[in-house]
Each structure stands twice: as structure tokens, then as C-alpha cells.
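Residue numbers (the numbering used here), protein chains in the order written: chain L, 11 to 500; chain Y, 5 to 478.
Just so you know, even glycine gets a beta-carbon here, dropped at the ideal spot from N, CA and C.
Here the structure is a predicted model, which means the values were calculated and not measured.
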Amino acid sequence: MKKISAYIIIFMLLITSAIAELPVPDVQGINMHMGETYGDYYTEVKLFYESTNGMELTNVTRNVYVPVGGTVVESALEALFSTEAESDFVSSMPGDASVKSVEINCGIVTVDLSVNMSALQNEGELVSMIIAVTNTLSSIDGVDYVNVLINGRQESIHDLPVGTLSYETTATSTIWSVFQVEAEAFLNTSNPQISMTRNAALYFPSNNGQWVLPEVRSITFQDERYAYWLINELMSGPTGGNAYSSFIASGSGIMSDEPEISITASGERIIEIYFNNIVRDYLLLQDISDWQFAASITMTLTSFIPETDGVRIYIGGEPLSQLNIRGQHIPLDDSIMHRNTFAMYTGSTCTLYFAAEDNKLCATQRAISSDRANSPYALLIQLISGPSSADIGTAHIMPAGVTSGDLLGVTVENGIACVNMSANFYRLCQVLTEDEEELLVYSIVNTLCNLPGINAVSIIIEGEQIETLSGSIFLISELFMNPGIVTTAY
Amino acid sequence: MIAYLLIIATAFSVVAVSLIQLVGDYLFRQQAQDDQRIANDIAAAVAEPFYAKDSETLYLTACKYTDENISRVLIIDRYGVVQTDTASELNGRRFENNESVAVLTGENEASNIYAADNSSYGGFDVLSLLSGHSMKTGVYAAALKNDDTTVGAVIYISNAQEIYEGLSTIRLQITLWLILIALVAIVLNLFLVKTITRPIGNLNDGIERMAHGDLSARVEVKGKNEFAQLALAFNSMSERIEQLDKARGQFVSNASHELKTPLSTIKILIETLLYQETPDPDMEKEFLGDINKEIDRLNSIVTDLLTLVNVDSGGMKLNKSDLKLGQLIQEQTQRLMPLARENGIEMECNIKDSCDVLGDATKLQQVFYNLMDNAIKYTHRGGSVTIDVSRTGRRAIVHISDTGVGIPESDLPHIFERFYRVDKARSRETGGTGLGLSIVKQIVLLHGGIINAASKEGEGTVFTVELPISTRKE
Numbered sequence: 011m012k013k014i015s016a017y018i019i020i021f022m023l024l025i026t027s028a029i030a031e032l033p034v035p036d037v038q039g040i041n042m043h044m045g046e047t048y049g050d051y052y053t054e055v056k057l058f059y060e061s062t063n064g065m066e067l068t069n070v071t072r073n074v075y076v077p078v079g080g081t082v083v084e085s086a087l088e089a090l091f092s093t094e095a096e097s098d099f100v101s102s103m104p105g106d107a108s109v110k111s112v113e114i115n116c117g118i119v120t121v122d123l124s125v126n127m128s129a130l131q132n133e134g135e136l137v138s139m140i141i142a143v144t145n146t147l148s149s150i151d152g153v154d155y156v157n158v159l160i161n162g163r164q165e166s167i168h169d170l171p172v173g174t175l176s177y178e179t180t181a182t183s184t185i186w187s188v189f190q191v192e193a194e195a196f197l198n199t200s201n202p203q204i205s206m207t208r209n210a211a212l213y214f215p216s217n218n219g220q221w222v223l224p225e226v227r228s229i230t231f232q233d234e235r236y237a238y239w240l241i242n243e244l245m246s247g248p249t250g251g252n253a254y255s256s257f258i259a260s261g262s263g264i265m266s267d268e269p270e271i272s273i274t275a276s277g278e279r280i281i282e283i284y285f286n287n288i289v290r291d292y293l294l295l296q297d298i299s300d301w302q303f304a305a306s307i308t309m310t311l312t313s314f315i316p317e318t319d320g321v322r323i324y325i326g327g328e329p330l331s332q333l334n335i336r337g338q339h340i341p342l343d344d345s346i347m348h349r350n351t352f353a354m355y356t357g358s359t360c361t362l363y364f365a366a367e368d369n370k371l372c373a374t375q376r377a378i379s380s381d382r383a384n385s386p387y388a389l390l391i392q393l394i395s396g397p398s399s400a401d402i403g404t405a406h407i408m409p410a411g412v413t414s415g416d417l418l419g420v421t422v423e424n425g426i427a428c429v430n431m432s433a434n435f436y437r438l439c440q441v442l443t444e445d446e447e448e449l450l451v452y453s454i455v456n457t458l459c460n461l462p463g464i465n466a467v468s469i470i471i472e473g474e475q476i477e478t479l480s481g482s483i484f485l486i487s488e489l490f491m492n493p494g495i496v497t498t499a500y
Numbered sequence: 005m006i007a008y009l010l011i012i013a014t015a016f017s018v019v020a021v022s023l024i025q026l027v028g029d030y031l032f033r034q035q036a037q038d039d040q041r042i043a044n045d046i047a048a049a050v051a052e053p054f055y056a057k058d059s060e061t062l063y064l065t066a067c068k069y070t071d072e073n074i075s076r077v078l079i080i081d082r083y084g085v086v087q088t089d090t091a092s093e094l095n096g097r098r099f100e101n102n103e104s105v106a107v108l109t110g111e112n113e114a115s116n117i118y119a120a121d122n123s124s125y126g127g128f129d130v131l132s133l134l135s136g137h138s139m140k141t142g143v144y145a146a147a148l149k150n151d152d153t154t155v156g157a158v159i160y161i162s163n164a165q166e167i168y169e170g171l172s173t174i175r176l177q178i179t180l181w182l183i184l185i186a187l188v189a190i191v192l193n194l195f196l197v198k199t200i201t202r203p204i205g206n207l208n209d210g211i212e213r214m215a216h217g218d219l220s221a222r223v224e225v226k227g228k229n230e231f232a233q234l235a236l237a238f239n240s241m242s243e244r245i246e247q248l249d250k251a252r253g254q255f256v257s258n259a260s261h262e263l264k265t266p267l268s269t270i271k272i273l274i275e276t277l278l279y280q281e282t283p284d285p286d287m288e289k290e291f292l293g294d295i296n297k298e299i300d301r302l303n304s305i306v307t308d309l310l311t312l313v314n315v316d317s318g319g320m321k322l323n324k325s326d327l328k329l330g331q332l333i334q335e336q337t338q339r340l341m342p343l344a345r346e347n348g349i350e351m352e353c354n355i356k357d358s359c360d361v362l363g364d365a366t367k368l369q370q371v372f373y374n375l376m377d378n379a380i381k382y383t384h385r386g387g388s389v390t391i392d393v394s395r396t397g398r399r400a401i402v403h404i405s406d407t408g409v410g411i412p413e414s415d416l417p418h419i420f421e422r423f424y425r426v427d428k429a430r431s432r433e434t435g436g437t438g439l440g441l442s443i444v445k446q447i448v449l450l451h452g453g454i455i456n457a458a459s460k461e462g463e464g465t466v467f468t469v470e471l472p473i474s475t476r477k478e
């Protein structure tokens, strides 16, 4: 009997051991990620060069090196302007052309090129250069529009504004011809039926009073009063999301006179804008500061109207001679505002995910510094700080007591963001229900996976891998974004 | 009838169960193959975005293959953690069940259909994966490979409830057909009972009644089918048996009577002789002579009865030989001529053909002697008896005609019956036993011949005997 029992036990043990289970990852050692760490990496980009016939562009895919702290846009531009010309292609860039500055805001890249215009033999070369830059940058993930400035100003083609471009045809000669035909029709007629449509970057105040945020809009111009039509479009307000603030309402009596173009003694081409005093009431009503108002006008007009160096704004007949930007008094020389006056206050938006009803996440946008917009660390700090008053219908997702100090570090490597949280965070998470745990984890994962170059997120505690935060969501694997959990995006 | 129904029900149950099993197996197998193919297709479609961790493409691609309440797709990584769920409910959970384990540990694909009783494994209630809580849910897993290494799996979950419900419909239809056919069988059975079983039952009742002695039992005859013919035959048979029984009873009664009459006479005569005070020799002689006659008569009756019994039992053997019928009849005529002359009757024999026949001479002599003797007995003095022997074709025809008292028309059909007497007093007076014509008829029939009689009361009687001509000489 004992023998039989022993055999049965052995048999049962064999059967039990034969039942397969899911694989489990190897136990990893402690890896205490602190602060924010990006790895350098190589990535593929499409570079557009002029073909040998000079009539069109052709592209070549190259691996470019993205250094720590750099962006793919900068690396792509560096490769495009590199003097190491491709043997089979001709660079569209003049020999002395270089990149002066790059702004990346809300999917819009504004590239300011330093080019000796007198070196350009004709407008065709200008078209080729602009389209090469546009197509190269538009091919990069996260870039929707490209604004190309030459020496800080928009250049015209056939005396028409170029506007903000997205990926264009590679047949540059065709583009040049289209501009020519458009110019002949638009510039030499008083027929109001003939109009011109361009994409323009409109800059709106952010709702937190800290930034101006660009938004590309397709605008139909009935005549050459570009400033008038652009300001009119600004007054119609933003459509981009809840990070933007409404602009002053449009209506009669806002502007006392038509905008004018004047040339200063130093030779700068300035647009004079005349507002009535009522505009101050509107700004007060909308909680928009003077500098945001001035920045919106200046950035919008100088980003579109060709060969414009600055803007002078009059309110009630008095020019704005100084601005109070974030508590700093900035005097304006001759009341003229240049594009670079506000370039550093041009922000970007990031997408954060907070809890919504029905165990869903709600995507909400927040204005943030452009250089921090793609920072996972910065976004997590925003996430920990919770929703703002503008994030209607959302709820704080972090357990009570979690602070920014509980975010120990974020490391991004091979498309995976590893978020290192504190033991205190882990302790506070123990009370979470299954739904709360799911919402917390995926608010982090979805927020970070919205950033370029991040496809998955792993969460560790004090450098150690854990199985779950409170028993439901397994953190043994890096987690992909969960698109289905998002209910409404602003 | 219940037996029929039981047989039909059993047969249908077996067929229905087998059919449902076969159809069910086929449908489930077919759906399993189709759904596994879908799982493999999804795996092929999401392999690249999965490796690139492109969650948007993964989600959108998976959603293309799903339909609310009918199917759902999970994409799990190498540790079983759900990375994409078209219902966005299980992201981040480990999907640990037989199929996911099988695929993540090396199999290319695995599948199973879960029912209400085997749905739970590894903490997952598979049946709850589809909204509406399907009673049967198929789980199909396909491996996601990268350079022959399993990096994840696609889990395709589909609703097998539709097939289950389809099977229920088939089961219901088969049951309805079973009931319908059972009803048809009952109606058919009633018809069969009416047309087959009931006539057989009636016939059986008739036979049983007859077996119990009721010879008057008859069966109702309906229609013209085989059962009706059988009933007719039965009725005919029972009628004949009844007649025979009556005849037997009559025969016994007659035989008893015939035997008792001479015995009574003998007893009276003996008692008279015994109890007379002064014996009279003449009277004694006369009485003894009468007693002797009665004994002769008893002897004749018993002899005739033995003859008939012999015929009836098939014991009478004919000692056949070729003989000339005319000569035989001539001899019998000669034998009876003195008797005829004594009775004042003119007797004439006309032999037109000698008529060679094959027969028992003794028995045929008995036939014609008997017929001629009867003719003489029942013919008044001055009358005549004529015997004609002739041949018609292959038959020898013998007419024995007399000018006697004749036979009443009502008696004529019965004269060949045993102990039947037309004039009972007279026939006994003439010394007949009442069995002579019966014996005659039996002998004629044994020779393959026929005998009949024609008569007119007061004018005479003609007996006609037909015998087959012998073919030996020819």
C-alpha cells in the first residue's frame, strides 16, 4: 500500500512538473537610473538632393547620428548641409549656406538659414533649397510642417509668400512654375474672385500665460493685405487643443487703421498695426498679457509676410514701447518687435493622460517649453503635478502623497523609456484598486509613448524590476501604449 | 403498437445523436480551422509593428480583424503580458492559459474551444472575454516570430456560440421530425391494424371458436383482398365441417336406428316365444324364421357398414382387371332374371357395346346387382326394368331404367346418403339396409366414374353409371 501511494505521489509530481507555464524574464540586477538620460543613436532619414537635371529633387536614405541631447531634425539638417556631398547627387544648398537656428514647436519646424542671397543665381535655386529642407524634415516622425526662413525673414517667390510647407512634390521646376502662374493672376488683378491660399503658422497665447504656441492654418488671401488677413484669422481663435488660449474676439472697431508697411532709418521693413483701446478690454477679458498679444502678432506676421523684419503695434495710437514678459521689463528699441524678440517664448505642447470617467484615460495638452516638450522626465513631472483647471473632466491619477521627488530618473534607450520610481511611490501604490493601477500605469506609458523615439515603457522601483505595483498590471515586460484606453483627446 | 413506437424512437434517437455529433464535429472543426487561419493572418500582419513596438499600428491592425461580441484579439509579449487588446481591458495583464503557454513555449499555433464547464484556466474566465458571455468560446493562438525566436503571440478569441445555437436548432428540427414521423407511424399503424391485423384477429377468433366446438363460427368478410379470400375459405371450410358433423350425427343416429330395429324385433319375437304358455311349433318355427331374417338383416347392415368404413378409410383396394362391362352386366341380368320373373317384371338388357373397362369385377358386379335389384324391388308387378349398355366417347354409359314407384323430387338429392330412405317402411320390407346406394356410389367413384339418378314419382327411375373405357387394348 505504501509503495502504491509512493508511486501515485511520484506520478502526480511528474504530471505537475510537466504542466507548462509562461516564460518569466531573468532577474536583473539593480540599475539605479537617476535624472534623465538619453542614449545617442543612429536613425534613418531621407535626404533630398537636387537631381542632375536641376528640375527635380531626389532622395536618399541615410543613417544619421543623433547625439545625446540632440534631435533628429538637427542631425538631418546637418547631414543635408554637409559639405560631404553625395557623389551621385547635387546639394540644393549654396556653398556658404548654414543653419542659424531651429525651432521645433507643436510639430512645426522653423528653420532659419544663413544664405548669401546674392550668391543665388535665380529663384529656382531658392525653391529647390526650400523644398529640399521641407521634404527632408517632413519625412521625420513628429514633423508636420516646415517654415524656412532665410536670414531671419521669409523670402518670396515670384513676390508671393511661401508660407508654411509640408511634404511637397519633388518637381521643383513645377512648383516654381505654379508660383509664377499664381503671381501673374493674383498680383496683377483687382478681381476679388482671384485669391491665393497658403498655409500659415498662427501663434496663439498659451492658456498658462507662459508661451505662444504655433498652429498651422490654411488661409485664403483675397488680396495682398497679408497682415490684415492674418490678424483676422488670429481673431477667429485656435483650434489646436486646450493648451491654447482664445485670442481677442474679432469685430468692428478693433483696428483703427489698416496695417501699413514702413521702412525704418536702418532699412528694416516694419509692419505697423493700429488697434483701438478696446483691445485692452478684450485682453483683460481673455486673461492674455500684452506680451503674449504682441508675440502672437509679431511671430505670425514675420513668419509669413515676406521680407518683414519686425512689427510695431499701436494701441489707442500709442506704440508698445516695452513689454513685461514673465515679470521682466523688456524695452523695445523704437517700439519695434522682431521675431527673435519672442523666439525663446515660443513654446510647444505635450500630451498628458489623466483619469477620466468609465476607467478611461483622457488626453490633454499642456504648453511647455519647446526644449522640454520631448523630455520624458519633464512630462512625468507634469503628470505627477496633476491636471490643471483647463483639463476639464480629468482627475489626478497619482496616489495621494506622490511628489516629483518620487521620480528618481528616466532613461531612454532603444526606444524604451525606463522610469525609475521611489520606494515611497511603490508603497503609496499598494492601496490602488485594479482599475486605479491600470490607469496609473497607462497614464505614464501613454504619455511617454507619445514622445518621438519612445515606443515602450518599463517601470522599476529603486532600480529594481518589480512584478506589479498592486497586483494587476505586470511590469516584468516593457509596456506598449494602450490606444484603446483613451476616451477623448483635446 | 408501443413496440413499433419504441423501435422508431430508438432508431431515430440513434440517428439523431449520430447526425448531431457528426454535424457538430464538422462545424466546430471547420470554424476552428478558419479561426486558426485568421489568428495566423493576424500574426503575419502584426509581426513587424510588434517588433517595432508600434502600438498604434498594432491596435488598428488587430481591430480590423475583430467584431464586437464575436471576436477579440490579444497580442501578448514573450512573457504573456497583453500589449494590445482590442477591447482595451487586459492590457498589462498576463494572459496565461493553455494556448498562450503552448505557443510561447515553442508551438507555432494552438487552439481550443471552451465551454461553460472548462472555461477557467490561469485566472482567466475565457467565456467572459467576449461581451455577452458566450457559452462556447474559441481561443486560437499563433506565434509571433523574429528570426525563428518566439517573441510573442496573437490570441484570437471568437464566439463559437453561433454554431452551438445552430446545433440546437438542428437538434430541435430533428426532434420535431421524430415526433412528426412517430405520428405518421401511429396513423400508419392504425391503418395496418384495420387492414391486416384486425382481419387476422377475426380469423383467429373464428378458429378459436371452432376449436372450442362452435362449428357455426364464421368470419366477417370485407373487401376482396387476400384476407377476404382467406376469410371466405375459412367460412367455406367451417360450413363444410359443420355439414359433415351434422351428417356424422345423422349417420350415427341412422345406424343406431337401423341396428336397433332388427334387435327390437328379435327381442319381441324371442320374448313371445319365451313367455307363451303352450308352445305352438308352427308359430315357433315362423318366429325363429323371422328371427333368422332379422339376424341376416343385421349381418347385411354390419357388412355394408364395414364396406363403407373400408371405403372411407381408404382401406378398400380395387382388384382391377380388364373386363367387358357388357358381359358383366349381362351376367348380373341373368342372375336377377328369376327374381324379376317371380315379381312379374319384364327385364331386358340391351348391350350396344361391350365396353372394355379396367375395374374390379366383384365390386362392379355388386354395383350393377344392387342397382338392378333396387329396380326390381321398387317396380310393381307388370312393370319392366331395362338395362342399356352403350359407349359415348371414352365413357361407358349404363342406364338402368324401371317403371317403378319413382323417387320424389325432394328426396332425389339424398338418395346416395347413408341410411337415407325414401319410403322407410317399404324399404325395410324389401330387405334394404339403407346403405346400398352409398356403397354403389363409393365404388363407382373409386373407379373414376360417376353415378346419378333421374326420377319421376309414379313413372319410374333411371340410374346412369358412367365408367372410363380402358385404354390398354387401344
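Where residue i sits in the DSSP three-state scheme
i	result
Y/GLY142	strand
Y/LYS460	strand
L/LEU461	coil
L/SER379	coil
Y/CYS67	helix
Y/GLU60	helix
Y/TYR30	helix
Y/LEU439	coil
L/ILE410	According to the sequence displayed, residue 410 of chain L carries Ala and not Ile. Coil.
Residue i: contacting residues in chain L (beta-carbon distance under 8 angstroms)
i	result
Y/VAL85	PHE484, ILE486, SER487 and LEU489
Y/LEU62	PHE490
Beta-carbon neighbours of residue i, restricted to chain Y and to distances below 8 angstroms
i	result
L/TYR452	ASN95 and GLY96
L/CYS372	Residues of chain Y passing the Cβ test: none, with the nearest at roughly 14 angstroms.
L/PRO386	Within chain Y, no residue comes near L/PRO386; the closest Cβ sits about 15 angstroms away, beyond 8 angstroms.
L/CYS459	SER59
8 angstroms Cβ cutoff, residue i in contact with chain B
i	result
Y/VAL105	Annotation note: the requested chain B is absent from the structure, which comprises protein chains L and Y.
For residue j and residue i, the rounded distance between their alpha carbons
i	j	result
L/SER358	L/ALA305	14 angstroms
L/TYR254	Y/ASP45	44 angstroms
Y/THR88	L/TYR452	12 angstroms
L/LEU330	L/LEU342	8 angstroms
Y/ILE305	Y/ILE473	32 angstroms
L/SER4	L/TYR155	For residue 4 of chain L there is no data in the structure shown, the boundaries of chain L being 11 and 500.
Other residues of its chain near residue i: CB distance less than 6 angstroms, five sequence neighbours each side excluded
i	result
Y/PHE16	LEU182
L/ASN180	According to the sequence displayed, residue 180 of chain L carries Thr and not Asn. Counting only Cβ-Cβ distances below 6 angstroms, and skipping sequence neighbours, we find GLU66 and LEU67.
Neighbouring residues, chain L, relative to residue i (Cβ below 7 angstroms)
i	result
Y/LYS140	Going along chain L, no residue has its Cβ under 7 angstroms from Y/LYS140, so there is no contact; the nearest lies around 24 angstroms.
Y/ARG82	PRO33
Y/SER92	ASN492, GLY494 and ILE495
Contacts of residue i in chain L (Cβ-Cβ under 9 angstroms)
i	result
Y/ALA56	GLY425 and ASN465
Y/THR109	ALA30, GLU31, LEU32 and PRO33
Y/GLU100	GLU31 and LEU32
Beta-carbon separation (whole angstroms), residue i vs residue j, contact threshold 8 angstroms
i	j	result
Y/ALA164	Y/GLN40	Y/ALA164 to Y/GLN40, Cβ: 13 angstroms. No contact.
L/ILE486	L/GLU477	6 angstroms
L/THR356	L/PRO224	7 angstroms
Y/GLU461	Y/GLY410	4 angstroms
Within chain Y, the residues that residue i reaches when beta carbons sit closer than 7 angstroms
i	result
L/GLU502	Here chain L covers residues 11 to 500 and nothing more, so residue 502 of chain L does not appear.
Cβ-based neighbour list, residue i, same chain, cut-off 7 angstroms, excluding 5 preceding and 5 following
i	result
Y/VAL143	ASN101, GLU103, SER115, ASN116, TYR118, VAL130, ILE159 and ILE161
Other residues of its chain near residue i: CB distance less than 8 angstroms, five sequence neighbours each side excluded
i	result
Y/GLY127	The predicted position of Y/GLY127 is uncertain, since its pLDDT is 47 and thus under 50; no value can be drawn from it.
The ligand MN heavy atom lying under 7 angstroms from the CB of residue i
i	result
Y/ILE190	With respect to small molecules bound, the structure shown includes none, and the ligand MN cannot be examined in it.
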